[in-house]
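What follows is a short report on a single structure.
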């Protein structure tokens, strides 16, 4: 990946250069594709989704994570968020050599 992806969702600014995901707004945080996971659950019956991004190769309470909850309307308005998360997951899969993991 050569192009940096930058999007703003609410008060958060996301930047992904193919290796590092940075999230600004509140407490800034950085994740490296070699040591992170992304999990998106939903939509539930009301259209809500949960995005979890954390340190470590899989969810681990010791690694720490950030969780965002989106209503169906917020998810629709979050232009580019799904594409950014897919690009991050593809980079994680490529770095691990294990093939795609479900979002």
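Numbering (my numbering), first residue to last: 14 to 116.
The C-beta atom is built at its ideal place from N, Cα and C for all residues, glycine as well.
- For the set 66, 105, 17, 55, the Cα lying nearest the Cα of residue 42 is the one of 66.
- CA-to-CA, the gap between residue 17 and residue 64 works out to about 21 Å.
- Secondary structure of residue 67 (DSSP, three-state): strand.
- Proximity to residue 59 across 85, 36, 69 peaks at 85, based on C-alpha coordinates.
- In the DSSP assignment, residue 87 falls outside any beta strand (DSSP E) and lies within the alpha helix (DSSP H) extending over 85-90.
- Bridge pairing for residue 34: 29, 44 [DSSP].
- In this structure, residue 100 and residue 29 form a Cβ contact; the two beta carbons are roughly 6 Å apart against a cut-off of 8 Å.
- Looking at 39, 52, 57, 31, the one whose alpha-carbon comes closest to that of residue 45 is 31.
- Taking all protein chains shown into account, residue 90 has fewer than 16 neighbouring C-beta atoms within 10 Å of its C-beta and is therefore exposed.
- Taken atom to atom, the span from the alpha-carbon of residue 82 to that of residue 27 is near 16 Å.
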